[in-house]
Amino acid sequence: MTDQNWDSHLPLPYQSLSHYQWTPIQIVELTWEYLQKQTIRSVVDLGSGVGKFCLHLATLSKGRFPIVGIEDRSDLFTVSETLREKWNLSSVSFLNQSFLEDFPLGHSHYYAFNPLYETMKASFSIDMQKEKSALLFLQSVQILKNHLFRCKVGTKLITYHGFGGSVLPGYQLVLKKELEMGEWAVWERVV
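The working numbering puts the first residue of the sequence shown at 34, with every later residue one more than the last.
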């Protein structure tokens, strides 16, 4: 599978955003390589966009564990659901909600591809639906940190291009890879 092949299933306006907004296939495969050595109850993608991470991970894992994508934009949620149904991937579900307002506690692994980027910058934005300001970005990062702090000890957060900050209280950085395409890291809740 290549990014170009996967992205060809997207509506045209979303194909051009792939390089900036949707997780590259190489990162999904790196994440799967890591997850194969883990005990997994479930994986949640915070800000799942068009569902690329979730759907490709479900294909790689052959449905071994539940995968949940959370996306607050209804048009992106619809694209995700359409592809999930098209490919008959029953281990994946998508929720059309804000993870900042309704955080899904109780999962073993969370994934974030800089999910708060859209509140900070206008460059390569999906659309202009979200308010963009440095203050909103900082407030959102703090809300996300508070939610992640409420997770159980042992919970893992996998990030690509970060979660919006460099310090995550209660978590320890356990694995980090500097790739040509960006930083991929794993954090574990330790206290």
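No residue lacks a Cβ here, since even glycine has one placed at the ideal position from N, Cα and C.
- prompt: Can you give the Cα-Cα distance for residue 42 and residue 116, rounded to whole angstroms?
  reply: Numbered from its first residue, the sequence shown carries residue 42 at position 9. Numbered from its first residue, the sequence shown carries residue 116 at position 83. Rounded to whole angstroms, residue 42 to residue 116 spans 8 Å at the Cα level.
Residues near residue 214 by beta carbon distance below 8 Å, same chain, minus five either side: Locating residue 214 in the sequence shown gives position 181, counting from the first residue. Apart from the 5 residues on each side of it in sequence, residue 214 sits with its Cβ closer than 8 Å to the Cβ of 57, 59 and 60 in its chain, given in chain order.
field: Backbone CA spacing between residue 175 and residue 204 [nearest angstrom]
entry: Taking the sequence shown and counting its residues from 1, one reaches residue 175 at position 142. Taking the sequence shown and counting its residues from 1, one reaches residue 204 at position 171. The straight-line gap from Cα to Cα measures roughly 14 Å.
query: Going by the CB atoms, is the gap between residue 103 and residue 128 shorter than 7 Å?
result: Along the sequence shown, read from residue 1 onward, the residue named residue 128 stands at position 95. Along the sequence shown, read from residue 1 onward, the residue named residue 103 stands at position 70. Contact flag set, yes.
task: Determine the closest residue to residue 182 out of 146, 136 and 209, with distance taken between C-alpha atoms.
output: Here the question's residue 182 lines up with position 149 in the sequence shown. With distances taken between Cα atoms, residue 182 lies closest to 136.
query: Do residue 99 and residue 124 have their CB atoms nearer than 7 Å?
result: On the sequence shown, position 66 is the one that residue 99 refers to. On the sequence shown, position 91 is the one that residue 124 refers to. Contact check for residue 99 against residue 124 passes: the beta carbons are separated by less than 7 Å.
message: Just to confirm before moving on: does the CB-CB distance between residue 76 and residue 109 stay below 7 Å?
response: Counted from its first residue, the sequence shown places residue 76 at position 43. Counted from its first residue, the sequence shown places residue 109 at position 76. Not in contact: residue 76 and residue 109 (Cβ atoms no closer than 7 Å).
query: What is the DSSP secondary structure of residue 183, counted as helix, strand or coil?
result: Start at 1 with the first residue of the sequence shown, and residue 183 comes out as number 150. The three-state secondary structure of residue 183, taken from DSSP, is coil.
task: Can you tell me which of the three DSSP states residue 35 falls into?
output: Working through the sequence shown from its first residue, we reach residue 35 at position 2. Residue state, collapsed to three classes: coil.
field: Those runs of the beta strand (DSSP E) which lie wholly inside the region 41 to 104 and span at least 3 residues
entry: Counting whole runs of 3 or more residues, the region 41 to 104 contains the beta strand (DSSP E) stretches 76 to 79 and 100 to 103.
task: Apply the 10 Å Cβ neighbour rule to residue 173 and answer buried if 16 or more other Cβ atoms are within range, or exposed otherwise.
output: Numbered from 1 along the sequence shown, position 140 holds the residue referred to as residue 173. With a 10 Å radius around the Cβ and a threshold of 16 neighbouring Cβ atoms, residue 173 comes out buried.
query: What separation, rounded to the nearest whole angstrom, lies between the Cα atoms of residue 54 and residue 85?
result: Taking the sequence shown and counting its residues from 1, the one referred to as residue 54 is at position 21. Taking the sequence shown and counting its residues from 1, the one referred to as residue 85 is at position 52. Computed Cα separation, rounded: 10 Å.
message: Suppose the cutoff is 6 Å on Cβ atoms and the five residues either side in sequence are ignored; what does the same chain contact list for residue 197 look like?
response: Reading the sequence shown from its first residue, position 164 is the one you call residue 197. 149 and 174.
- request: Could you tell me whether the Cβ atoms of residue 144 and residue 191 are closer together than 7 Å?
  value: Position 111 of the sequence shown, counted from the first residue, corresponds to residue 144. Position 158 of the sequence shown, counted from the first residue, corresponds to residue 191. In contact: residue 144 and residue 191 (Cβ atoms closer than 7 Å).
- prompt: With distances taken from CA atoms, which of 210, 220, 112 and 46 is nearest residue 201?
  reply: If you number the sequence shown from 1, residue 201 lands on position 168. When only C-alpha atoms are compared, the closest one is 220.
task: Report the rounded CA-to-CA distance for residue 257 versus residue 152, giving the unit in angstroms.
output: Residue coverage of the chain in this structure runs from 34 to 224, which leaves residue 257 outside it and unanswerable.
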